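Asker: Each residue of the sequence shown is one higher than the one before, starting from 1 at the first, in UniProt numbering. Pasting a structure here, questions to come.
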Amino acid sequence: MATEEKDILRGGQFLVKETNCEDVFTPEDFSEEQNMMKESVMEFNDREIIAHKARFEAKDYALTEEVMRKAGEMGFLSVAVPEAYGGMGMGFVSTVLTCDYISSGTGSFSTAFGAHTGIGTMPITLYGTEEQKQKYVPKLASGQWFGAYCLTEPGAGSDANSGKTTAELSADGKSYKINGQKMWISNAGFCSLMIVFARIEDDKNITGFIVEYDAENPNGITLGEEEHKLGIRASSTRQVFFNDTVVPVENMLAGRGEGFKIAMNALNVGRIKLAAACLDSQRRILTTAVEYATERKQFKTPIADFGAIKTKLAEMAANAYAGESATYRAAKNIEDRIAMREAAGNTHQEAELKGVEEYAIECSILKVAVSEDVQASADEGIQIFGGMGFSEDTPMEAAWRDARIARIYEGTNEINRMLCVGMLVKKAMKGHVDLLGPAQKVQEELMGIPSFETPDYSELFSEEKAMIAKLKKAFLMVAGGAVQKFGPQLEEHQQLLIAAADILIEIYMAESAILRTEKNAKRFGEDSQSAQIAMAKLYLYHAVDIVEEKGKESIISFAEGDEQRMMLMGLKRFTKYQNYPDIVDLRIEIAEKVKAEKKYCF
1 MATEEKDILR GGQFLVKETN CEDVFTPEDF SEEQNMMKES VMEFNDREII
51 AHKARFEAKD YALTEEVMRK AGEMGFLSVA VPEAYGGMGM GFVSTVLTCD
101 YISSGTGSFS TAFGAHTGIG TMPITLYGTE EQKQKYVPKL ASGQWFGAYC
151 LTEPGAGSDA NSGKTTAELS ADGKSYKING QKMWISNAGF CSLMIVFARI
201 EDDKNITGFI VEYDAENPNG ITLGEEEHKL GIRASSTRQV FFNDTVVPVE
251 NMLAGRGEGF KIAMNALNVG RIKLAAACLD SQRRILTTAV EYATERKQFK
301 TPIADFGAIK TKLAEMAANA YAGESATYRA AKNIEDRIAM REAAGNTHQE
351 AELKGVEEYA IECSILKVAV SEDVQASADE GIQIFGGMGF SEDTPMEAAW
401 RDARIARIYE GTNEINRMLC VGMLVKKAMK GHVDLLGPAQ KVQEELMGIP
451 SFETPDYSEL FSEEKAMIAK LKKAFLMVAG GAVQKFGPQL EEHQQLLIAA
501 ADILIEIYMA ESAILRTEKN AKRFGEDSQS AQIAMAKLYL YHAVDIVEEK
551 GKESIISFAE GDEQRMMLMG LKRFTKYQNY PDIVDLRIEI AEKVKAEKKY
601 CF
């Protein structure tokens, strides 16, 4: 029964349906197999990546390729690939877990790994014909070949469908000739296969192609020089030029004009995996910072004992914990959805495609939240190290540089913010998520007389869960008001969309941290979770602040007069605690725990 209950929750429905803590998956739920996988990936990361950090920073592209081959030998490139094509065929959670723990050694390897396993291989496993999958996927899964993904062009970045690269059918109808230029192509320097997007004639949408690349026989493909980048320095990033590149017609991916759909769905998977790729980086940044802060003495005291540093350690820990909670919650939702569709008779291909697409909103939320948290974490890491943090001799400056790209690729955070709200509104229009009913109820509640009863908040998290329910009402009030005012034109009001997205993001992240902690407190005892309880409360406190700020910004920008006054009063009601948490105490408790363990220990 439990799985049925859990499976009913569709993408975006977290906003209008209450989730029981028993129904969320947490890192504490990893199976024995998953824990063994995690150990093996961490060991590989320490031995093959972290041990050679200096070489990666010195732009040793050959090392990136060599370590990718070793990852292939270990099976790490094939976790998500079905067994029929030489993969391990493990579930989505295991895919995310592998990506999480392999990505923290250096952003250079993380980018190569993510580009290959995600957008380099996934489009073929999700959209390829049986012949295409049999021909290419085993080579990609084993690391014999590496994949690259050629979508971005000098004139086509966020507007991916505006690419100018062309594909022209030959007179005999047997092949296409591709001409054009792509840029920022990860793995270009050592790939054997490219997923290339081009336009046929005057088609409205681009088309995807599988293009083989062999430096000995380049078939009209030339590569630009390696780009000199702020971070991810040993990740091969080049321009790719196509000059009458001949591609057999059977290498078209999916149907003509379906490239835009492929690009968007490949990016959904890429987004949750990018969030995962930022998680262990946060754990390691915190661990490195706390080790330094306990050894570094000023005024005869370890700096970890100062309140200013404790604040930083606690906030870094709480953000990492919330990111972890939300990422694995969504990963398991996707895995369950895939299993449900397979049980209903879908092929693995259809099931995976629809399973991920169902949670596209959550994938965008995670991409934004976790990429911003890892950057903030690295920034505070530098600050804790002080002047040493700014030096290349300590690991913080590389972590900070590598983190910066995460807010740009897989769709910029601005695009993803607008997407998550836009997709939610579309789901409501299609009847997949009932937003109108609950938004109407919030309207009625605003008109009614508020209750003056003092609720009983003696049970763990009872007040926090009531706060989450109120924050959801705040979102429905603000978004509902904006939709009523602007209707389909809402997408032209980007500042409002972004403000609404910030509210949506905070609700999902805060709720995930609370549900994980509640689940663990019930099964392991509250005493064992006291620092986790503090982190969940601290994260929620900040979330409430953000909802209040963004809600106010929206309301005063689209409502006026009585409507504005009523909504501002509603916002005040929806962001008001009965009992405020003691923030200083919460931070001290988290920092002391981290200090005692000298690492991120949750």
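Where is the CB? At the ideal position from N, CA and C, for every residue including glycine. None of these values were measured; they are calculated from a predicted model.
1. Going by DSSP, name the residue or residues bridged to Lys-297.
2. In or out: Tyr-176 buried (at least 16 other Cβ within 10 Å) or exposed?
3. At which residue ranges does the stretch 377-445 contain complete alpha helix (DSSP H) runs of 4 or more residues, listed in the order of the chain?
4. If you scan the stretch 112-188 from start to end, which runs of the beta strand (DSSP E) of 3 or more residues do you find wholly inside it?
5. Can you tell me which of the three DSSP states Val-594 falls into?
6. Kindly indicate which residue of Thr-165, Tyr-580, Thr-237, Ile-384 has the alpha-carbon position closest to the one of Gly-196.
7. For a minimum of 4 consecutive residues, which ranges assigned as the alpha helix (DSSP H) are wholly contained in the stretch 462-486?
8. Would you kindly check if the distance between the Cβ of Ile-309 and the Cβ of Ala-54 is under 9 Å?
9. Could you give the first and the last residue of the continuous alpha helix (DSSP H) run that contains Thr-517?
10. Would you say Tyr-359 and Asn-268 are within 9 Å of each other, going by their C-beta atoms?
11. Return the residue from the list Ala-376, Arg-199, Met-264, Ile-119 that minimises the CA-CA distance to Leu-193.
12. Buried or exposed for Pro-123, going by 16 or more other Cβ atoms inside 10 Å?
13. Please specify which runs of the alpha helix (DSSP H), each continuous and at least 4 residues long, are wholly inside the stretch 256-296, giving them in chain order.
14. How far does the beta strand (DSSP E) with Phe-241 in it reach, from first residue to last?
15. First and last residue of the alpha helix (DSSP H) that includes Met-194?
16. How is Val-67 classed by DSSP in three states: helix, strand or coil?
17. Looking only at its chain, what residues have a beta carbon closer than 7 Å to the beta carbon of Ile-210, apart from the 5 residues adjacent to it on each side?
18. Sorted by chain position, which residues of the same chain lie with C-beta nearer than 6 Å to Ala-275's C-beta, five sequence neighbours on each side aside?
19. Around the Cβ of Leu-586, are there at least 16 other Cβ atoms within 10 angstroms (buried) or fewer (exposed)?
20. Rounded to the nearest angstrom, how far is the Cβ of Val-374 from that of Ala-403, given a contact under 8 Å?
21. Among residues of its own chain, excluding the 5 on either side of Phe-390, which ones have a beta-carbon nearer than 7 Å to its beta-carbon?
22. What residue range is occupied by the uninterrupted alpha helix (DSSP H) comprising Glu-491?
23. Name the two residues that bound the continuous beta strand (DSSP E) containing Ile-210.
24. To the nearest angstrom, report how far apart Leu-497 and Gly-431 are at their CA atoms.
25. If you reduce the DSSP assignment to three classes, tell me which class Met-1 lands in.
26. With a CB to CB cut of under 6 Å and the five nearest residues on each side skipped, what residues in its chain are close to Val-421?
27. Please report the residue range of the beta strand (DSSP E) in which Ile-221 lies.
28. At the level of alpha carbons, what is the spacing between Met-509 and Asn-413?
29. Which residues mark the beginning and the end of the alpha helix (DSSP H) in which Met-340 is found?
30. In angstroms, rounded to a whole number, what distance separates the CA positions of Glu-39 and Glu-491?
31. With DSSP collapsed to three states, give me the class of Met-90.
32. Use the C-beta contact count for Asn-265: other C-beta atoms within 10 angstroms, 16 or more gives buried, fewer gives exposed.
33. For Ala-428, which residues of its own chain have a beta-carbon under 6 Å away from its beta-carbon, when the five flanking residues on both sides are left out?
34. Would you call Tyr-600 buried or exposed, if buried means 16 or more other Cβ atoms sit within 10 Å of its Cβ?
35. Just confirm the distance between the C-beta atoms of Ile-361 and Met-418, as a whole number of angstroms; I'd bet it's less than 8 Å.
36. For Asn-217 and chain E, any beta-carbon pair shorter than 9 Å?
Answerer: According to the structure shown:
1. Pro-302
2. buried
3. If we require 4 residues or more, the alpha helix (DSSP H) runs fully inside the stretch 377-445 come out as 396-404, 413-430.
4. 147-150, 166-169, 175-186
5. helix
6. Reading off the sequence shown, one finds Val at residue 196, where the question assumed Gly. Ranking Thr-165, Tyr-580, Thr-237, Ile-384 by Cα distance to Val-196 puts Thr-165 first.
7. 462-486
8. no
9. 494-524
10. yes
11. Ile-119
12. buried
13. Complete alpha helix (DSSP H) runs here, min 4: 259-277, 279-295.
14. 237-248
15. Membership of Met-194 in any alpha helix (DSSP H) is not indicated; the residue belongs instead to the beta strand (DSSP E) covering 193-200.
16. helix
17. Taken in chain order, the residues that qualify are Ile-124, Gln-132, Tyr-136, Leu-193, Ile-195, Asn-251, Leu-253.
18. The beta carbon of Ala-275 sits closer than 6 Å to the beta carbons of Thr-327, Leu-366, Lys-367, Val-370 from its chain, once the five residues preceding and following it are set aside; these are given in chain order.
19. When all chains shown are included, Leu-586 counts as buried.
20. 5 Å
21. Ile-382, Glu-397
22. Note, Glu-491: premise wrong, no alpha helix (DSSP H); not H, not E.
23. 207-212
24. 21 Å
25. For Met-1, the predicted model reports a pLDDT of 35, less than 50, meaning its position is unreliable and no value from the coordinates is stated.
26. Taking C-beta separations shorter than 6 Å and ignoring five residues to either side along the sequence, the partners of Val-421 in its chain run Leu-497, Ala-500, Ala-501, following chain order.
27. 221-223
28. 16 Å
29. 307-343
30. 45 Å
31. coil
32. buried
33. Leu-435
34. Counting Cβ neighbours within 10 Å, Tyr-600 comes out buried, since at least 16 surround it.
35. Not a contact, Cβ separation roughly 12 Å.
36. This model lacks chain E altogether; it includes just one protein chain.
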